[in-house]
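Colleague: Take 1 as the starting number for the sequence shown in UniProt numbering and just add one per residue. Note that beta-carbon positions come from the ideal geometry of N, C-alpha and C, so glycine has one too. In this text the structure is predicted, and so the values were computed from the model without any measurement.
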Amino acid sequence: MGGTPPEHALAAESSAGGLPARHYPARVGSATREQAGSARGAAVYRTLGAELGRVRRLGTDLPRVLDVGGGSGTWAVPLAESGCAVTVVDTSPNSLATLARRARDAGVTDRVTPVQGDVDALADLVPASSADLVLGHGLLEVVDDPVAALAALATATDAGGAVSVLTVGRYGAFLSRITAGRPVEARHLLTDPEGRSGPADPLRRRFDTRSLHELTSRTGLLDVELVQGDGTLDSWAPPSGDGEIPARELAELDALASAIPALGEVAPRLHLLARRR
């Protein structure tokens with residue numbers, strides 16, 4: 001990664017059609033709460049901004065975005081504000097109602113289309129090859145069949161388009177259990193084949209870099225372009241008060257750390273960007 005501060009790069013990406021710079025995150029995530037879908041860390045934010053800039057440079061005035069499991073619009077509304085046409089597929093009518101309200105408040109109702117449904121039926125809900133960018137954030141750790149789910153996301157993506165997956169990281173979860181004094185769960189996270197913390201774990205699985213690569217390869221539709229950590233410093237930066245790092249500097253450091261494989265692997269979230277063949 002180059003030496004350009006993320007906020008400067010994002011401002012440039014916004015002017016080229018990326019995400020609005022005013023949505024740049026200060027700090028998200030928690031040392032104890034695993035939430036891949038709603039988190040907006042610096043690494044993912046920067047990558048999606050660059051991808052949307054790429055789409056616009058190819059001559060697309062209104063990038064088509066599909067957000068599967070997008071819920072209440074944490075990603076969809078900023079994307080619509082940046083000038084994208086966003087379709088959100090979610091099973092929860094309450095979340096979609098919140099999405100509609102947020103879109104209305106932001107003045108982007110005409111660019112947000114809510115669709116109630118599940119990833120298992122995605123082919124019946126949206127046309128194949130209909131999106132420039134497809135988001136599956138907080139999705140693969142809860143579905144029955146992650147290979148089928150990722151293949152469905154890929155099928156909805158136009159040739160040359162991108163699929164963005166944000167998921168809970170296995171080793172980041174391990175470290176969070178250690179620091180929280182929960183060694184039994186920590187042991188399970190390392191020894192369980194699916195990276196679960198025990199029988200009461202609400203997640204079906206957690207991923208590491210290797211398993212994300214393997215999963216993507218099994219679809220036969222995608223090529224991995226990037227796997228990086230997201231929110232790498234969430235658990236380690238000092239809390240508010242004495243010694244607090246300014247938000248912008250922390251975001252820059254987080255983006256730098258997330259791009260280093262050894263550090264990104266222990267981030268609370270892992271971000272995959274894959275290219276449709």
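Leaving out five residues on either side along the sequence, give the residues of the same chain with a beta carbon under 6 Å from the beta carbon of T216.
Modeller: Closer than 6 Å at the Cβ level, and outside the excluded window around T216, lie L222, V224 and A274.
Colleague: Could you give the DSSP three-state label for G181: helix, strand or coil?
Modeller: DSSP places G181 in coil when its eight states are reduced to three.
Colleague: Looking at E244 and the ligand SAH, is the gap between the Cβ and the nearest heavy atom below 7 Å?
Modeller: Ligands are entirely absent from the displayed structure, and the ligand SAH is therefore not among its contents.
Colleague: For E244, does the count of other Cβ atoms within 10 angstroms reach 16, so buried, or fall short, so exposed?
Modeller: Exposed, since its Cβ has fewer than 16 Cβ neighbours within 10 Å.
Colleague: Buried or exposed: where does W236 fall if 16 or more other Cβ atoms within 10 Å of its Cβ makes it buried?
Modeller: Answer is exposed; the Cβ neighbour count stays below 16.
Colleague: Express the C-alpha separation of V184 and A80 in angstroms, rounding to a whole number.
Modeller: Whole-angstrom Cα-Cα distance: 43 Å.
Colleague: With a threshold of 8 Å on Cβ separation, who are the neighbours of L58 within its own chain once the five nearest residues in sequence on each side are excluded?
Modeller: Closer than 8 Å at the Cβ level, and outside the excluded window around L58, lies no residue.
Colleague: Below 8 Å between beta carbons: does that hold for L52 and V89?
Modeller: Not in contact: L52 and V89 (Cβ atoms no closer than 8 Å).
Colleague: Rounding to the nearest angstrom, what Cα-Cα distance links G161 and A103 in this structure?
Modeller: Going from the Cα of G161 to the Cα of A103 covers about 25 Å.
Colleague: What whole-angstrom Cβ distance do A43 and D254 have, given they're in contact under 8 Å?
Modeller: Right, their Cβ atoms sit about 7 Å apart.
Colleague: With three or more beta-carbon pairs closer than 8 Å as the criterion, would you say the stretch 111–120 touches the stretch 136–155?
Modeller: Verdict: yes, contact present.
Colleague: Spatial neighbours of L250 within its chain, please: C-beta separation below 6 Å, excluding the five flanking residues on both sides.
Modeller: Hits under 6 Å: A237.
Colleague: Can you name the residues that DSSP bridges to P114?
Modeller: The partner list for P114 (beta bridge, DSSP) reads V88.
Colleague: Could you check the C-alpha separation between P199 and G169 for me, to the nearest Å?
Modeller: Approximately 18 Å between the Cα atoms of the pair.
Colleague: Just tell me which of P114, G69, Q228 and S95 has its CA closest to the CA of Y45.
Modeller: Measuring from the Cα of Y45, the nearest candidate turns out to be Q228.
Colleague: For A85, which residues from the same chain have a beta carbon less than 6 Å from its beta carbon, with the 5 sequence-adjacent residues on both sides left out?
Modeller: Result list for A85: L62, R64 and R111, in chain order.
Colleague: Short of 7 Å in beta carbon distance, which residues of its chain neighbour T232, apart from the five on each side in sequence? Order them along the chain.
Modeller: So the list reads D254, A257, S258, L263, G264 and A267, once near-sequence residues are dropped.
Colleague: How about T157 and V134: are their beta carbons less than 8 Å apart?
Modeller: Yes, these two residues count as a Cβ contact at 8 Å.
Colleague: Taking the alpha-carbon positions, what's the R277 to A159 distance?
Modeller: Each residue's Cα considered, the two are about 6 Å apart.
Colleague: Can you grab the Cα-Cα spacing for the pair Y171 / R187, in whole Å?
Modeller: Cα-Cα distance, rounded: 11 Å.
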